[in-house]
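Participant:
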Amino acid sequence: MAFELNGKTYETDEEGYLINLGDWDEDVARFLAQQEAVALTENHWEVINFLRDYYNEFQIAPAVRVLTKAIGKKLGADKGNSQYLYELFPYGPAKQACKIAGLPKPTGCV
Amino acid sequence: MADLEFQIPKFREIAEVPAIGVGAMAHSRPHVANEKIQEALGYQTKLDADWQTTHDKAIGKFGELLGKYRSLKVFMDSCVHCGACTDKCHYFIGTNDPKNMPVARQELMRSVYRRYFTLAGKMFPGLVGAKDLTKELLDEWYTYFWQCSECRRCSVFCPYGIDTAEVTMAARNILDTVGYGQKYTNEILGKINKIGNNLGLPGPALENTLEGLEEDLKEDTGFDIKYPLDVQGAEVLLVTPSADFFAEPHIESLIGYGKVFHAAGISWTLSSYASEAGNFGLFDGDYAMMRKVALRVRKAALELGVKRIVVGECGHAWRVAYAFWNTLSGLGAGAKDPFAVELQKQLDPRHKQPTHICEFTWDLIQQGRLKFDKAANDHRVITFHDSCNVARASRMGDHPGGQFDIPRNIIRAVANKYVDMAPETIREVTFCCGGGGGILTDELIEARIKGALPRMEALKRVVDEHGVNFMAAICAICKAQFTKVLPYYGFNMRLIGGVHQLVSTAIRLGNEQ
Chain A
9 MAFELNGKTY
19 ETDEEGYLIN
29 LGDWDEDVAR
39 FLAQQEAVAL
49 TENHWEVINF
59 LRDYYNEFQI
69 APAVRVLTKA
79 IGKKLGADKG
89 NSQYLYELFP
99 YGPAKQACKI
109 AGLPKPTGCV
Chain B
3 MADLEFQIPK
13 FREIAEVPAI
23 GVGAMAHSRP
33 HVANEKIQEA
43 LGYQTKLDAD
53 WQTTHDKAIG
63 KFGELLGKYR
73 SLKVFMDSCV
83 HCGACTDKCH
93 YFIGTNDPKN
103 MPVARQELMR
113 SVYRRYFTLA
123 GKMFPGLVGA
133 KDLTKELLDE
143 WYTYFWQCSE
153 CRRCSVFCPY
163 GIDTAEVTMA
173 ARNILDTVGY
183 GQKYTNEILG
193 KINKIGNNLG
203 LPGPALENTL
213 EGLEEDLKED
223 TGFDIKYPLD
233 VQGAEVLLVT
243 PSADFFAEPH
253 IESLIGYGKV
263 FHAAGISWTL
273 SSYASEAGNF
283 GLFDGDYAMM
293 RKVALRVRKA
303 ALELGVKRIV
313 VGECGHAWRV
323 AYAFWNTLSG
333 LGAGAKDPFA
343 VELQKQLDPR
353 HKQPTHICEF
363 TWDLIQQGRL
373 KFDKAANDHR
383 VITFHDSCNV
393 ARASRMGDHP
403 GGQFDIPRNI
413 IRAVANKYVD
423 MAPETIREVT
433 FCCGGGGGIL
443 TDELIEARIK
453 GALPRMEALK
463 RVVDEHGVNF
473 MAAICAICKA
483 QFTKVLPYYG
493 FNMRLIGGVH
503 QLVSTAIRLG
513 NEQ
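Chains as they are written, first to last, in this note's numbering: chain A, 9 to 118; chain B, 3 to 515.
1. Please report the Cβ distance between B:I451 and B:M473, rounded to the nearest whole angstrom; I am assuming they are in contact, meaning their Cβ atoms lie under 8 Å.
2. For B:M3, does the three-state DSSP call read helix, strand or coil?
3. Should B:W143 go down as buried or exposed, given a rule of 16 or more other Cβ atoms within 10 Å for buried?
4. What does a CB cutoff of less than 7 Å around B:Q515 pick up in its chain, not counting 5 residues either side in sequence?
5. To the nearest angstrom, how far is the alpha carbon of B:P251 from that of B:P204?
6. Assign B:I16 to one of two classes, buried (16 or more other C-beta atoms within 10 Å of its C-beta) or exposed (fewer than that).
7. Just how far apart, CA to CA, sit B:R496 and A:G88?
8. Give me the Cα-Cα distance between B:K38 and B:C160, rounded to the nearest whole angstrom.
9. Note down the Cα distance separating B:A441 from B:L345, rounded to an integer number of angstroms.
10. Check whether the Cβ atoms of B:A303 and B:L284 sit closer than 9 Å, and answer yes or no.
11. Using DSSP with H/G/I as helix, E/B as strand and the rest coil, what is A:Y18?
12. Please report whether the beta-carbon of B:G198 lies at a distance below 9 Å from any beta-carbon of chain A.
13. Let's see if you can read the secondary structure: which residues bound the alpha helix (DSSP H) around B:F64?
14. Might you give, ordered along the chain, the residues of its own chain that have their beta carbon closer than 7 Å to the beta carbon of B:S244, omitting 5 neighbours on each side?
15. Below 6 Å CB to CB, which residues in the same chain sit around B:A167 once its five sequence neighbours on both sides are set aside?
16. According to the neighbour-count rule (16 or more other Cβ atoms, all chains shown, within 10 Å of its Cβ), is B:R457 buried or exposed?
17. For B:G334, would you say it is in contact with chain A, using Cβ-to-Cβ distances shorter than 9 Å as the test?
18. Is the CB-CB distance between B:Y45 and B:K101 below 9 Å?
19. Short of 8 Å Cβ to Cβ, which residues in the stretch 198-215 of chain B face chain A?
20. Relative to chain B, which residues along the stretch 65-96 of chain A have a C-beta separation below 9 Å, given in chain order?
21. In chain B, what lies closer than 7 Å to A:T115 by C-beta?
22. Could you tell me whether any Cβ in chain A is nearer than 9 Å to the Cβ of B:M3?
23. With DSSP as the reference, label B:L219 as helix, strand or coil.
24. Residues of chain A with CB closer than 8 Å to the CB of B:A377, please, in chain order.
25. Is A:V55 closer than 9 Å to A:K11 when the C-beta atoms are compared?
26. Assuming B:W53 contacts B:K137 under a Cβ cut-off of 8 Å, what Cβ separation, rounded to an integer in Å, is found between them?
27. If the criterion is Cβ atoms closer than 9 Å, does the pair B:R293 and B:S331 meet it?
28. Who pairs with B:H358 in a beta bridge, going by DSSP?
29. Under a Cβ-count criterion, where at least 16 other Cβ atoms within 10 Å of its own Cβ denotes burial, should B:R14 be classed as buried or exposed?
30. Hey, is A:V118's beta-carbon within less than 9 Å of any beta-carbon in chain B?
31. In the DSSP output, what is B:W538 paired with across the bridge?
Spelled out as structure tokens, the structure:
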């Protein structure tokens, strides 16, 4: 599977996750978000950037608890919970946010 | 919630057998594993270009399994199509597709069995309903054997005791062999073989996550509750589903385990090498794969020198641990290879090996070594969802039915308000969550939502009549599945949680009065 954007072709897996993580840029994120019917705000970007930083360090997306804690520190304690993350990414913060951030899908019993 | 292209089933006033919808789920197909995923597991990477080759390989594998597992041959021969199983399957109840009747699902395989492995079927196929294996039929296997969660509820009602899950496992084993594997399950098996857990969580990330958890708990409770990793000489090795490190509500039970070890003063450790209790090798009935996964636990136990192995809240993991670990890995009596014998000598014979975390906690409660403030759970009205692999394929404690009673005993010891769901939906006849056995993947969301119907109906009754607001489970798949499907039926996704989440809320950590 693949999609085209700005004259370039991007490969994805069956579920729309980027195959080559290096392909990601902000335009790609905006495109993927549009596919998911998510309108990106600054708060979405905080999550996306944190996910990417964490992934670069650990080669895996952060646990939901690690993410909520980090977002709580950045955006205020009232936003440091999974309910807030579900408001940003209705299909689930782990899977949908990872897709838009250009990271692989978390697998297992999650 | 994303827009769905299908209707959410309505709650039924009377739980009658649904009208049949022929082909209602014929379109359901999980993603096929790609060549890279198949190759990593040593399976054929894709279907052969010519059908005859695939056909011969499939029939060859079928014959091999019949020779190896007498049980499979008995299950192929002994069904009399009485129909006792038809309305017992949550996928049939929720989807109306007659091929989701367990008898019809198995007939996809039995018809092939008769054609190639019985005299009557070889000579007069038309008379005995024997069928040639065609590409179309193999595709149907792929569609319908991936709409079975191997929960074995139908087996409870089978007068011949046919283990229907074993039939599904055999079909999937054949599909894997011919290069027709399922992406979700096989990708995860690749990750555990390479990294040590289903998530693909590398050691440093696990360490970071556990450190963060320790900091949080220090802040929340004031106590130094530790999550030790790779500690040589610890008494207990805990193996738990990696979802416990990652997801919600799973992590709340991990917090509970840590508090239990802390309060009881028992040294324990997790292993970065064996950081997964789950064993998806079971789902495709591939004994060699299951053994490969299980041997990671043995290696970790030998290296760390632990005396006990405790298994966290994971349904099929407990089935594998309880029923297969002894001969797979020598954990428990059975295997006779030198490593198994060494492990059996190392483990403390005064304890059950392995021990379920619920057995572990319940033993401590009975010994008076844990104290609780039950009122801390008073904001919850609790019910318990029996997970199928624990309920129908294992046991806890030392009396029949312990796997039903012990989790409930724990809940009653830590909380004041508990009610059971309807008796025809719990204990040995419990309904599956709808996501077990390799079904917990996004592209099967229709089967998952529809298959959850009977459990959701039973839950609805106790919510309406008793104000239930917490359904406890001891399975990572159940927790993830319910978190996803509860909202489609009008419930809050936070209604699902773990038994040790309740323990965590009420346990007294220090010497406070």
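Think of the CB as a built atom: it goes at the ideal place given N, C-alpha and C, for glycine as much as any other residue.
Facilitator: Inspection of the coordinates gives the following:
1. The C-beta distance from B:I451 to B:M473 rounds to 17 Å, too long to meet the 8 Å contact threshold.
2. Unreliable positioning characterises B:M3 in this predicted model, as indicated by a pLDDT of 47, which lies under 50. The coordinate reading is nonetheless provided below. In the structure shown, B:M3 adopts coil according to DSSP, grouped into three states.
3. Taking all protein chains in view, the Cβ of B:W143 is crowded by 16 or more other Cβ atoms within 10 Å, so the residue is classified as buried.
4. A caution first: B:Q515 carries a pLDDT of 40, below 50, which makes its placement in the model too unreliable to give a value.
5. 21 Å
6. B:I16 should be labelled exposed.
7. 16 Å
8. 40 Å
9. Per the sequence shown, residue 441 of chain B should be read as Ile rather than Ala. Rounded to the nearest angstrom, the gap between the Cα atoms of B:I441 and B:L345 is 34 Å.
10. no
11. strand
12. no
13. W53 to K70
14. N199, N200, L201, L203, S277 and E278
15. E152 and R154
16. That one is buried.
17. no
18. no
19. Of all residues in the stretch 198-215 of chain B, N199, N200, L201, G202, L203, P204, P206, A207, N210, T211, G214 and L215 have a Cβ within less than 8 Å of some Cβ in chain A.
20. E65, F66, Q67, I68, A69, P70, A71, V72, R73, V74, T76, K77, S90, Q91 and Y94
21. E189, I190, K193, N200, L201 and G202
22. Confidence at B:M3 is low in this model, with a pLDDT of 47, below 50, so the placement of that residue should be treated as unreliable; the coordinate-derived value is given next. By this cut-off, B:M3 is an interface position.
23. DSSP places B:L219 in helix when its eight states are reduced to three.
24. Here the premise fails: no neighbours, minimum Cβ distance about 24 Å.
25. What sits at residue 11 of chain A in the sequence shown is Phe, not Lys. No, Cβ-Cβ distance for A:F11 and A:V55 is not below 9 Å.
26. 5 Å
27. Between B:R293 and B:S331, the CB-CB gap stays under 9 Å.
28. Bridge partners of B:H358 according to DSSP: B:V313.
29. It is exposed - the Cβ of B:R14 has fewer than 16 other Cβ atoms within 10 Å.
30. Cβ-Cβ to chain B under 9 Å: yes for A:V118.
31. This structure does not reach residue 538 of chain B, given that chain B is present from 3 up to 515, and the question cannot be answered.
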